Amino acid sequence: MNLRPLAVYGILIATSGGLLAIPLLTDPGAGPSRPAARIIAPGDAEAMVETARSTAAAAPAPAESPAVSKANPPVPADPDQSAVEQPLEDSPDMAAAAEDLPVADDETEDEAAAATRVAVAEPDPDARLTLLSVTVQRGDTLARILTDAGVSRGDAQAVVDSLRGVFNPRDLKPGHEVRLHFLADSDAGAGAHPMGRLHEVKLAAAIDREVAVRATDANAFVAAAAMKSVDRMLARSNGEIAGGSLLAAGMASGVPANVMTEMIRIFSFDVDFQRDIQPGDSFDLMYERFELADGRLVRGGEVMYAALTVAGQPMRLYRYKDARGSVDYYNEKGHSVRKALLRTPVDGARLSSRFGMREHPIMGYSVMHRGVDFAAPTGTPIYAAGDGMVEEIGPRGGYGHYIRIRHTGSYSTAYAHLSAYARGLKKGMRVRQGQVIGRVGATGRVTGPHLHYEVVRDGKQVNPISVKFPSGDKLAGPELARFHAAKAAIDRSLVSPQTTDQLAATSNP
Numbered sequence: 386m387n388l389r390p391l392a393v394y395g396i397l398i399a400t401s402g403g404l405l406a407i408p409l410l411t412d413p414g415a416g417p418s419r420p421a422a423r424i425i426a427p428g429d430a431e432a433m434v435e436t437a438r439s440t441a442a443a444a445p446a447p448a449e450s451p452a453v454s455k456a457n458p459p460v461p462a463d464p465d466q467s468a469v470e471q472p473l474e475d476s477p478d479m480a481a482a483a484e485d486l487p488v489a490d491d492e493t494e495d496e497a498a499a500a501t502r503v504a505v506a507e508p509d510p511d512a513r514l515t516l517l518s519v520t521v522q523r524g525d526t527l528a529r530i531l532t533d534a535g536v537s538r539g540d541a542q543a544v545v546d547s548l549r550g551v552f553n554p555r556d557l558k559p560g561h562e563v564r565l566h567f568l569a570d571s572d573a574g575a576g577a578h579p580m581g582r583l584h585e586v587k588l589a590a591a592i593d594r595e596v597a598v599r600a601t602d603a604n605a606f607v608a609a610a611a612m613k614s615v616d617r618m619l620a621r622s623n624g625e626i627a628g629g630s631l632l633a634a635g636m637a638s639g640v641p642a643n644v645m646t647e648m649i650r651i652f653s654f655d656v657d658f659q660r661d662i663q664p665g666d667s668f669d670l671m672y673e674r675f676e677l678a679d680g681r682l683v684r685g686g687e688v689m690y691a692a693l694t695v696a697g698q699p700m701r702l703y704r705y706k707d708a709r710g711s712v713d714y715y716n717e718k719g720h721s722v723r724k725a726l727l728r729t730p731v732d733g734a735r736l737s738s739r740f741g742m743r744e745h746p747i748m749g750y751s752v753m754h755r756g757v758d759f760a761a762p763t764g765t766p767i768y769a770a771g772d773g774m775v776e777e778i779g780p781r782g783g784y785g786h787y788i789r790i791r792h793t794g795s796y797s798t799a800y801a802h803l804s805a806y807a808r809g810l811k812k813g814m815r816v817r818q819g820q821v822i823g824r825v826g827a828t829g830r831v832t833g834p835h836l837h838y839e840v841v842r843d844g845k846q847v848n849p850i851s852v853k854f855p856s857g858d859k860l861a862g863p864e865l866a867r868f869h870a871a872k873a874a875i876d877r878s879l880v881s882p883q884t885t886d887q888l889a890a891t892s893n894p
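If you want it as structure tokens, here you go:
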């Protein structure tokens, strides 16, 4: 028999009498082993954390993310999470096997990173319980964290299996905290965990949602999720649009990106954000803000009021729900901001080529350019310019990946050179104005990534920038009276803030 030496590692466990070293035998011939988490007593926690900080400080600093600036505004989150680029679909078996993958699947945790993970044991408010708090590091899985803490492999797998009903273990990220509660067990025999039986595992699934797996009397585990209390309030923000970027100006003043994206959308019917915004222009905004009791932002909500001053001319828009339950934005006269079509169906783009005669950048001779080009990074979301039906979708020669939408009346719009289509989008499907239908790309006959956008009226391409689109609804009669009541409530809240419940009760009688 071929005997190989065994390398010995150990885990320090906090007990009432001090530290207990538990040796772990590993076979070096089986490949490199991952250092276990260091578990320390409460009194030694500060010294160990300081050691961990020193170790981390000696490591190379990570690349710094670009700061929010006038020239480099952050890209807003996709407003339509259901419409994303076409992914490769995993089979059910593949998905199940991948549930407990490491938190970073493109690289593994090295020994130095593992050694900096400090699991701190401390008394629980319940005197019978001991809390072990573990910070997730790159390369960790929940099952590995549990077994490193001394939980049996069977119990660790049972916890993971139970948790899948309320939380995907693959969503565990570096920096997350996993809290293990052990229950003192006086009847435990030899080889039992020094802190007792695993009683509960808790972790934050989201900023406002916590999940827990608790042991039952039948030696099984049951998972549950609980939402944290979230307060709704109205927030106000205003300022100058320095550098020409409304998005950057709003986010610099603390407004969530999704709120600024919505403000840009509702003004995009009348404002060309690539060319109209000038130094000295300003914005004013009131929106819903959802916070935890400690003041941490959970998410931004609806835009209740938005004002934009461009070239000295103020434009004010109010959110209003009509008697049918439809929500839209209206100016002070009760005219809907919505037009039949968007002039710019992509955010943050630069007009790189106008409608009309031009020298073709590839062919080298003059030709009629029957649309406008918006230069933007590959992957930038493209929105449907208006409500309508997908008339054509697929490759189309020099247009590359192409979509054409037929709208009500005599209008159609076309979108070319896409890198991807929205998931599930097919010919014959209906789309709504502002819905993400694809992503900017460089397919077909192009020199770089951009969106080629065409507006077709009565079968003929027209200039999307100069064409006059039909206006939206104009409120009248009792509906206009309701709107004026809602507007008055919002105007009062601009002077004396109200809660969102008060505002809703007043603005939607």
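Sequential numbering of the sequence shown, starting at 386, is according to the working numbering.
Where a beta carbon is used, it is the ideal one built from N, C-alpha and C, also for glycine.
Please read all numbers here as calculations on a predicted model, not as lab measurements.
Thinking V519 and I530 are a contact (beta carbons under 8 Å), I'd like their distance in whole angstroms, please.
Rounded, the Cβ-Cβ distance is 5 Å, consistent with contact.
Roughly how many angstroms separate the alpha carbons of D525 and V683, rounded to a whole number?
So the two alpha carbons sit approximately 26 Å from each other.
Would a C-beta distance cut-off of 9 Å place A807 and I790 closer than the cut-off?
The answer is no: Cβ separation not under 9 Å.
What is the C-beta distance between L588 and V563, in whole angstroms, given that I count them as a contact (C-beta under 8 Å)?
The pair is a contact, with the Cβ atoms about 5 Å apart (cut-off 8 Å).
Please tell me whether G685 and N643 are closer than 9 Å, where the distance is taken between their beta carbons.
Yes, these two residues count as a Cβ contact at 9 Å.
Let me check understanding here. Comparing Cα to Cα, which of H786, H792, A678 and I767 lies closest to M774?
Selected option, being the one with the closest Cα: H792.
Within this structure, are the beta carbons of V615 and E673 separated by less than 9 Å?
No. Outside cutoff.
Relative to the C-alpha of S881, which candidate in G829, L619 and V536 has its C-alpha closest?
When only C-alpha atoms are compared, the closest one is L619.
Is the Cβ-Cβ distance between A861 and G794 less than 9 Å?
It is not a contact, given that the beta carbons lie outside the stated cut-off.
At the level of alpha carbons, what is the spacing between S653 and T763?
Rounded to whole angstroms, S653 to T763 spans 21 Å at the Cα level.
Measuring only the C-alpha atoms, how far is D876 from R701?
Spanning the two alpha carbons is a distance of roughly 11 Å.
Return the CA-CA distance between G819 and R728, expressed in angstroms with no decimal places.
Going by the C-alpha atoms only, they are around 12 Å apart.
Can you tell which of D655, P699, A678 and E647 has its C-alpha closest to the C-alpha of D666?
Comparing Cα positions, the closest option is P699.
What residue does the alpha helix (DSSP H) around V880 start on, and which one ends it?
Here the alpha helix (DSSP H) through V880 covers G862 to V880.
Just reading off the beta strand (DSSP E) that R594 is part of, what are its end residues?
Its beta strand (DSSP E) spans residues R594 to A600.
May I ask you to verify whether the region 710 to 721 touches the region 863 to 876, counting CB pairs closer than 8 Å and requiring at least 3?
Yes, the region 710 to 721 is in contact with the region 863 to 876.
So for G539, helix, strand or coil by DSSP?
Helix.
Just the Cα atoms here: how many angstroms apart are G628 and P664?
Their backbone Cα atoms lie some 7 Å apart in a straight line.
Using three-state DSSP, classify S467 as helix, strand or coil.
Below a pLDDT of 50, predicted positions are generally treated as unreliable, and S467, at 34, falls in that range; the measurement from the model is reported next regardless. Coil, per DSSP.
Distance check for R555 and F567, CA to CA, integer angstroms please.
The alpha-carbon atoms of F567 and R555 are separated by roughly 24 Å.
Does the distance from the C-beta atom of Y787 to that of Y800 stay below 9 Å?
Contact: yes.
I'd like the span of the beta strand (DSSP E) that includes T729, first residue to last.
It is not in any beta strand (DSSP E) - T729 carries neither H nor E in the DSSP assignment.
Please confirm whether I788 has its beta-carbon closer than 9 Å to some beta-carbon of chain D.
No chain D appears in the structure shown, which is made up of a single protein chain.
Apart from the five residues just before and just after S738, which ones in its own chain have a Cβ nearer than 7 Å to its Cβ?
Excluding sequence neighbours, S738 sits near H754, V757 and D758.
Indicate whether A591 and L514 have their beta-carbon atoms separated by less than 9 Å.
Not closer than 9 Å, so no.
Give the secondary structure of P766 by DSSP, where H, G and I count as helix, E and B as strand, and everything else as coil.
Strand at P766.
Tell me whether V712 sits in a helix, a strand or coil according to DSSP, three-state version.
Residue state, collapsed to three classes: strand.
Consult DSSP for V521 and reduce its assignment to one of helix, strand or coil.
Residue state, collapsed to three classes: coil.
Could you tell me the alpha carbon to alpha carbon distance between S878 and Q522, rounded to whole angstroms?
Straight-line Cα distance between these residues: approximately 46 Å.
As a quick exercise: from A874, T798 and A827, pick the residue whose alpha carbon is nearest that of N848.
Nearest C-alpha to N848: T798.
To which residues of the same chain is V841 closer than 6 Å at the C-beta, ignoring the five residues directly before and after it?
So the qualifying residues of the chain are S797.
Would you tell me roughly how many angstroms separate the C-alpha atoms of R815 and I778, rounded to the nearest one?
Going from the Cα of R815 to the Cα of I778 covers about 13 Å.
Within the continuous beta strand (DSSP E) that includes F567, where are the two ends?
Looking at the DSSP string, the run of the beta strand (DSSP E) that includes F567 is E562 to L568.
Closest by CA to P780, which one among Y768, I767 and A805?
Selected option, being the one with the closest Cα: A805.
Please classify I651 as buried or exposed, where buried requires at least 16 other C-beta atoms within 10 Å of its C-beta.
Classification of I651: buried, given that the 10 Å Cβ count is 16 or more.
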